[in-house]
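Going by the working numbering, the sequence shown runs without a break in its numbering and finishes at 195. Structure, as structure tokens:
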Amino acid sequence: MTSPQPTQVSTGRGGAGNIGRDERPKSEVVDLATPTIKANLYTTGRGGTGNMARNDPAHPEIARLAQDVEAPVVQRENETAVHYGRGGAANIARVEEPTKEKKGLLERIGVKK
């Protein structure tokens, strides 16, 4: 159950001068839909000419996917190293097979229980 929008809103840092009527139009479900890009060109990434693409009005989902920050994670099989972060040797990690059970210290140094 949703509560009705308040007729009074508080803005700014506080004080009676920052309280007034809520003049904003009420949102509807249509207003909350994922927006599409209307321009002929759109940019992605950090900038530069290589990050500009033509917008295809017949397929707005392509431009939208390029704008999304969180891309789906692709898991590669049989990969020995994984790259993460912005780059550099410190952002490379080896992929290791999970061990079924770790040996205790005594087992590793050859002492029987």
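Where is the CB? At the ideal position from N, CA and C, for every residue including glycine.
For residue i, which residues in the same chain have their Cβ closer than 8 Å to its Cβ, ignoring the five residues on either side in sequence?
{"i": "A121", "result": "N137"}
From this set, the options, which residue's C-alpha is nearest residue i's C-alpha?
{"i": "R128", "options": "P142, V91, R168", "result": "R168"}
{"i": "P107", "options": "G97, I101, T89", "result": "T89"}
{"i": "T118", "options": "N100, T126, A98, Q149", "result": "Q149"}
{"i": "E105", "options": "V91, G192, R95", "result": "V91"}
Which same chain residues end up closer than 7 Å to residue i when comparing Cβ atoms and leaving out the 5 residues on each side of it in sequence?
{"i": "G186", "result": "none"}
{"i": "R176", "result": "T162, A163"}
{"i": "T93", "result": "N100"}
{"i": "G130", "result": "none"}
Count the other C-beta atoms from every protein chain shown that fall within 10 angstroms of the C-beta of residue i, then say buried if there are 16 or more, exposed otherwise.
{"i": "A145", "result": "buried"}
When the distance is taken between beta carbons, is residue j closer than 8 Å to residue i?
{"i": "L147", "j": "M134", "result": "no"}
Excluding sequence positions up to five away, which residues of its chain have a Cβ less than 6 Å from the Cβ of residue i?
{"i": "T125", "result": "N133, M134"}
Could you pull out every unbroken beta strand (DSSP E) segment of at least 3 residues lying fully inside the stretch 104–144, listed in chain order? 123–125, 134–136
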